[in-house]
Amino acid sequence: MNNETTIWTPISIFLIAIALVVYWIIRESKRKKEWRKKKEVYDAYLAKLEEAYKNSLKGTDKSLALDLGRKYYKMIRNGELTIYDEQAIANDLSTMK
């Protein structure tokens, strides 16, 4: 009976290890899919925001253009506007009618 226990112990450990590896692979695959979906949504939102900003610069509403410009630059800078971003927005606003 001792021999059976010692034979099954390495096999059971091996099977558990394989199960854990399979679980990890499936979990990582799902996580990557979720990340890709989030990135697609982020990229689409950023593209729409950039388009709205550029279209607002063609109009006459400077406050709208300023607001959209700040939102756009905050998105590409992880929520922080730099002095250079503010200058770029000011330059863009100066070209408006």
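Position one of the sequence shown corresponds to residue 1 (full-length UniProt numbering), numbered consecutively onward.
Think of the CB as a built atom: it goes at the ideal place given N, C-alpha and C, for glycine as much as any other residue.
Starting from the Cα of residue i, find the closest Cα among the options and give me that residue.
i, options, result
"G59", "M96, K32, T9 and K33", "M96"
"L49", "D67, K37 and K62", "D67"
"A52", "K71, Y42 and R27", "K71"
"L93", "Y84, D61 and K74", "D61"
"K54", "N91, W8 and I16", "N91"
When we look at the beta-carbon of residue i and count the other beta-carbons within 10 Å, is it buried (16 or more) or exposed?
i, result
"I89", "buried"
"G79", "exposed"
"Y84", "exposed"
"Y42", "exposed"
Assuming residue i and residue j form a contact by the criterion Cβ under 8 Å, report the distance between their Cβ atoms to the nearest whole angstrom.
i, j, result
"L64", "S56", "5 Å"
task = Check whether the segment 34-45 touches the segment 9-25, counting contact only when three or more Cβ pairs, one atom from each stretch, lie closer than 8 Å.
result = no
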